[in-house]
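Novice:
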Amino acid sequence: MVPLCSVIGVGIAFGVVMGWFPHTSMIWQYPLQQIDAPAHYYFVRRILGEGLGSATHLWPNDAYYPPLFHLLAAGLVKVASVLGADMPVYAAVNIVWLVTSGIVWPAGVLILSTYWTRLVDSRLFSGAMAIIVPVLSVSSASHPFLMLARGPLFAYGLATSLLPYWLYATLRLCDALIDRWRRHADDNTGQPAAAQPRIWPWIVGFIAIGGLCVFAHPRIVFSWLLLMAPFIVLRMPWKVIAALAGAVVCGAVALFVYMRASYQSNRYSNPASWFHTFVPSCSVPEALRTFITDNISGPAGWLMAVVTVLALVVIGFVIARPRTVFRHDDGEDGGYRNTRKDAISLVVAWLLLMLLFVCSTSLTGWFPNIVAAAWYRADTRPLSMIPFGVIPLLVFAACAAASADASVLIPTPWNGGVRTEQGIRLTRAVLQRIVIVVLVALAIVCQFGNTERAALSQSVYRNVQLTDDRPTEQLTSRKYQALGEVVRVTGTRGVIISDPLNGSMYAVSLYGANMLYPIYNPMKEKNGAKFEQTELAFASGDDARLLNTVCPLGGNDTPTYFLAMGPQAPSLQMFTFRQQFDPFHDEGLVAQYERHGTLVKVRDLSRYGKGWALYRFGCAE
């Protein structure tokens, strides 16, 4: 029964995700016009063009970027080609996102929930939860929908979808370790030796799943640590806690050394000056409202807030009187259980997530900078983590209520001057049905009127349209045509120099162009010196310096081009270092280079936009 219900629950969740996914054929044929989307398309194309070896250096400057998502997308394209089909990169990216978001994520949340639901001795309750939990996991606008609509953050979103499996493996490993230590202590007392619990499967699972999460995105380690630290501190021996604390300190030092070596800055010793361009996105009350409603808008969000408060009340009761619930305290498979510590850990994790979210959205200064630094100080990543605080809280409270017997005392009228009370006892079966009804109602209501989630869908829909309503935006129908014409002239080998923030970077994913700046932030570290050298040489006005810099970019037999295609897109103005591309927009400088023969116009594109043109650098043939 439970396996069938699990399939049904995940299937419904997948249906919710598919229903949210924009219903337009353009999303399968054209790129998503968002700040990070061109980078992800570029990474996939690089793997397809250079092979698996490129997965260790996907950035244009040959630095490492987490490649798992892009390997999956590139693998889909390869499989399709073997079958005789030509799958666009956009379609492959969409399929990987849909599968990981609509199947992997809700299934992972369901598996995590079984850590507590398995303790409730009721097939009806377990089956109902197997349907309800996956649906609740895709009810919030936070995850997985935010990962597609903002950025998109494909790699981090994949790691977030895999995180529930790692959390579950960690909890079971902790149980197995504690149970083994307890049995070992019992054996030393002279009591008959007990069968040792199975520990190696959980060690292997912890390492394998954790490694997969880190491969998807190393930054997910911070999320794992935030969520698991309360459980480890409250349940594990002091030696394990000390070892974890030591590992955290070593990791922090290593991260600091890496940042100092990779990103030059004079602000490391002054945390208050970190993220100096950060602007709060909402007030503290607004952040708290978003958090407690699980980022669900409208009446459904307030219902979620009410149910969450009820869950906290139930958990408070568990903390006060743990022996009244989860009476099978040893669980199954010998897994050690401590309901009070679990309850406290869940509440502490929920509060830590709340603190992180408020710091990342509403506060400025040294303290929020330090708290939110690991998540890049923006609200997107902490926002995606809200379900990790809310859903386990609801599941634990539901299981606690479903495992207890309750007595309700009803006051009766005065009888001969003596007030009496009559007690009504609610059995476990009745409580389980009440819990199921409440959660089913919550799961259903959350699917309707959720304007926050619907707005994200509309945002994705708008960002795959090719129109000229906003002519200076990232990609319009005119830019689409102009870039096609450009690549017909340059081919896919000729190096094209242009400001990526005017949308020229989409020539890579659309037509396979060889853009010097294939993404809006190629970075100058490692092998990225050529990017800064090109900008400085172009700005110098020195013809010889410019040609000596740009001509070797494509090799002796490959021409180098310059593309003028209008101003930077307004939606990309948040890029801190956008001014580095300003020399490419200096019309007087371009005219000077053209007069001197340093630039030779090979295609006039003024019919698409004022001043648009393709030039070839006057390099020696």
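Sequential numbering of the sequence shown, starting at 798, is according to my numbering.
Don't be surprised by glycine CBs; every beta carbon is placed ideally from N, CA and C.
Looking at the structure shown, is TYR1412 part of a helix, part of a strand, or coil, going by DSSP?
Specialist: strand
Novice: Could you check how far apart the C-beta atoms of ALA952 and PRO863 are, in whole angstroms? I think they sit under 8 Å.
Specialist: 5 Å
Novice: Can ARG977 be considered in contact with the ligand HEM, in the sense that its beta carbon sits closer than 8 Å to one or more heavy atoms?
Specialist: Although the ligand HEM was asked about, the structure shown includes no ligands whatsoever.
Novice: Does the segment 827-843 touch the segment 961-975, meaning 3 or more C-beta pairs lie closer than 8 Å?
Specialist: no
Novice: Helix, strand or coil for ASN1311 per DSSP?
Specialist: strand
Novice: Let me confirm a value: SER1080 is counted as buried when at least 16 other C-beta atoms fall within 10 Å, else exposed. Which label applies?
Specialist: exposed
Novice: What separation, rounded to the nearest whole angstrom, lies between the Cα atoms of LEU855 and ARG915?
Specialist: 43 Å
Novice: Do you know how far the Cα of GLY1309 is from the Cα of LEU777?
Specialist: Coverage of the chain is limited to positions 798 through 1418, which leaves residue 777 absent and any answer about it impossible.
Novice: Quick check on the DSSP output: the beta strand (DSSP E) that includes TYR838 runs from which residue to which?
Specialist: Here TYR838 belongs to no beta strand (DSSP E); instead the alpha helix (DSSP H) covers 834-847.
Novice: Could you tell me how far apart the beta carbons of ARG1250 and PHE942 are, in whole angstroms, since I believe they sit closer than 8 Å?
Specialist: 6 Å
Novice: Helix or strand or just coil, what does DSSP make of ARG1419?
Specialist: Nothing can be reported for residue 1419, as the shown portion of the chain is limited to 798 through 1418.
Novice: Can you tell me where the alpha helix (DSSP H) with LYS1398 in it begins and where it stops?
Specialist: Unbroken run through LYS1398 is the beta strand (DSSP E), 1396-1401; no alpha helix (DSSP H).
Novice: Which two residues bound the contiguous alpha helix (DSSP H) that contains TYR1258?
Specialist: 1248-1259
Novice: Distance check for TRP1071 and THR1273, CA to CA, integer angstroms please.
Specialist: 36 Å
Novice: Report the residue ranges of all beta strand (DSSP E) runs contained in full by the segment 1337-1402; include only those spanning at least 3 residues, in chain order.
Specialist: 1357-1361, 1396-1401
Novice: Can you have a look at ASP1462 and say buried or exposed, based on whether 16 or more other CB atoms are within 10 angstroms of its CB?
Specialist: Because residue 1462 is not part of the residues shown, which for the chain are 798 to 1418, the question remains open.
Novice: Do ASP859 and ASN1324 have their C-beta atoms closer together than 9 Å?
Specialist: For ASP859 and ASN1324, yes; Cβs fall inside 9 Å.
Novice: Which value, in whole angstroms, describes the spacing of the CA atoms of LEU933 and MET798?
Specialist: 20 Å
Novice: Of the residues PHE1019, ILE1316, ALA1058, which one's Cα is nearest the Cα of SER1295?
Specialist: ILE1316
Novice: Of the choices VAL1106, PHE1088, LEU1109, ARG1118, whose alpha-carbon is the least far from that of LEU1153?
Specialist: PHE1088
Novice: Excluding sequence positions up to five away, which residues of its chain have a Cβ less than 6 Å from the Cβ of SER1301?
Specialist: Within the same chain, and ignoring the five residues on either side of SER1301 in sequence, the residues whose Cβ sits closer than 6 Å to its Cβ are SER1295, LEU1360, MET1362.
Novice: With distances taken from CA atoms, which of ALA1039, PHE1028, LEU1343, ALA1199 is nearest THR1395?
Specialist: LEU1343
Novice: Hey, could you find the ends of the beta strand (DSSP E) VAL1292 is sitting in?
Specialist: Segment 1292-1294, the beta strand (DSSP E) holding VAL1292.
Novice: For the segment 1047-1127, list the alpha helix (DSSP H) runs that are entirely contained and at least 4 residues long, ordered along the chain.
Specialist: Correct list: 1081-1089, 1095-1117.
Novice: Taking 9 Å as the cut-off, decide whether the C-beta atoms of TRP1172 and ARG1016 are in contact.
Specialist: yes
Novice: Run through DSSP, which three-state label would LYS1323 get?
Specialist: The three-state secondary structure of LYS1323, taken from DSSP, is coil.
Novice: Between the beta-carbon of VAL901 and the beta-carbon of LEU959, is there less than 9 Å?
Specialist: yes
Novice: Which residues bound the alpha helix (DSSP H) around MET798?
Specialist: Unbroken run through MET798: none, as it is neither H nor E.
Novice: Which residues in the same chain have their Cβ closer than 7 Å to the Cβ of ARG1178, if we skip the five residues on either side of it in sequence?
Specialist: TYR953, TRP1172
Novice: Give the single residue among VAL1257, TYR887, LEU1085 whose Cα lies nearest to the Cα of VAL817.
Specialist: Going by the sequence as given, residue 817 is Trp instead of Val. Answer by Cα proximity: VAL1257.
Novice: In three-state DSSP terms, what is ARG963?
Specialist: Inspection of the sequence shows that residue 963 is occupied by Trp rather than by Arg. TRP963 falls in the helix class under three-state DSSP.
Novice: Suppose you measure from the CA of LEU869 to the CA of THR897; what does that come to, to the nearest Å?
Specialist: 11 Å
Novice: Roughly how far, in whole angstroms, is the beta-carbon of VAL1110 from the beta-carbon of ARG1137, given that I think they are within contact range, below 8 Å?
Specialist: Between ARG1137 and VAL1110 the Cβ distance is about 16 Å, and since that is not below 8 Å, they are no contact.
Novice: Tell me the DSSP secondary structure of LEU1041 in three-state form.
Specialist: helix
Novice: How is the alpha helix (DSSP H) around GLY1008 delimited, first residue to last?
Specialist: 997-1013
Novice: How about VAL1155 and ALA1084: do their beta carbons lie closer than 9 Å?
Specialist: yes
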